[in-house]
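Asker:
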Amino acid sequence: MARVTIDSIRKRYGETTAVDGVSLTVDDGEIVGVLGPSGCGKTTTLRAVAGFETPNAGTVAFDDRDVTNVPPENRNVGLVFQEYALFDNMTVRENVAFGLKMRGVGTAERRDRADELLEMLGIGGMAARDPTTLSGGQQQRVGLARALAIEPSVLLLDEPMTGLDAKLKARLRDEVGELLSALDVTGLYVTHDQEEAMLMCDRIAVMNDGRLEQVGTPREVYESPATEFVSEFVSLDAPELPFVQW
Ligand code: ADP
Ligand code: MG
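Per the UniProt record's numbering, the very first residue in the sequence shown carries number 1; after that it's consecutive.
1) Here's a check: name, in chain order, each residue in its chain whose Cβ is nearer than 6 Å to the Cβ of Y13, leaving out the five neighbours to either side.
2) Compare the Cα-Cα distances from P152 to each of V32, T44, P72 and D64 and report the closest residue.
3) How big is the Cα-Cα spacing for residue 248 and K11?
4) Thinking C-alpha only, which one of R173, R219, T54 and E213 is nearest T227?
5) Since R10 is in the alpha helix (DSSP H), which residue starts that stretch and which ends it?
6) Note down, one range per segment and in chain order, each beta strand (DSSP E) of at least 3 residues found wholly within the segment 92–176.
7) Grouping DSSP H, G and I as helix and E and B as strand, with all else coil, what is E232?
8) Can you tell me the Cα-Cα spacing of A170 and D193, whole angstroms?
9) Is V190 near ligand 2, with its Cβ less than 7 Å from a heavy atom?
10) Going by beta-carbon coordinates alone, are M120 and L24 separated by less than 8 Å?
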């Protein structure tokens, strides 16, 4: 795993400034949530870290390596993006092993690593299945296993729980949260869901209109919001927060 340093990145699409001078560090083994409303620049920020977008200004570094102009396939990032759907012409196990196959890892080792991850995510029995026969929550776990299989330097998740029902979300939040901290993953977790960010992330970066409004622990952001926007956005819809174990 690696430390991620995003330094003053800016990304414009025509007249729109999607990301307007964002600086953020994710320490080795830390999960940082990027939280904000739709259209505030979360996905663009994540895509710049993944290498799908080159910022107009600013840099991205993994540890001391400047990766700003390095293509995605050479960054060793694990991606759980909505558009990264599972391959439906492969079994669950083949999906998880895909990245290892691309790297020339042998069949037996691929199989073992895939099965170990599937087991860890509680879907060990599904290895030989066609992913289209799995539930949304099971597919989401396969996506996570696929992203983790390559032992990524950085794990990038973009609204991975979108489309799942509330009960399943709550369960996955606990399970995946525990798994990510147990695996010591460095990750950026994009969400518009305050509660999800609070419960899953070590720190939260609150974004609004292309800029970061505040970066802090869930407790800091919740108890001492730096701006009016943070105060309104973070308190919204969070009546259950007294149950959070800080
Ligand atoms: P979020 O993920 O927070 O919803 P995005 O990063 O997707 O926000 O988008 C930020 C802004 O940039 C939005 O105004 C969006 O319409 C615009 N945008 C994003 N991607 C593109 C693109 N490829 N072309 C033009 N505009 C884009
Ligand atoms: Mg988005």
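Ideal Cβ placement from N, Cα and C applies to all residues, glycine included.
Answerer: With the structure as the only source:
1) none
2) Distances from the alpha-carbon of P152 to those of V32, T44, P72 and D64 put P72 closest.
3) Limits of the chain in this structure are 1 at one end and 246 at the other, which puts residue 248 out of reach.
4) E213
5) Note, R10: premise wrong, no alpha helix (DSSP H); beta strand (DSSP E) at V4 to Y13.
6) 154–158
7) Collapsing the DSSP output to three states places E232 in a helix.
8) 12 Å
9) Inclusion of V190 in the 7 Å shell around ligand 2 follows from its C-beta lying nearer than that to a non-hydrogen atom of the ligand.
10) no
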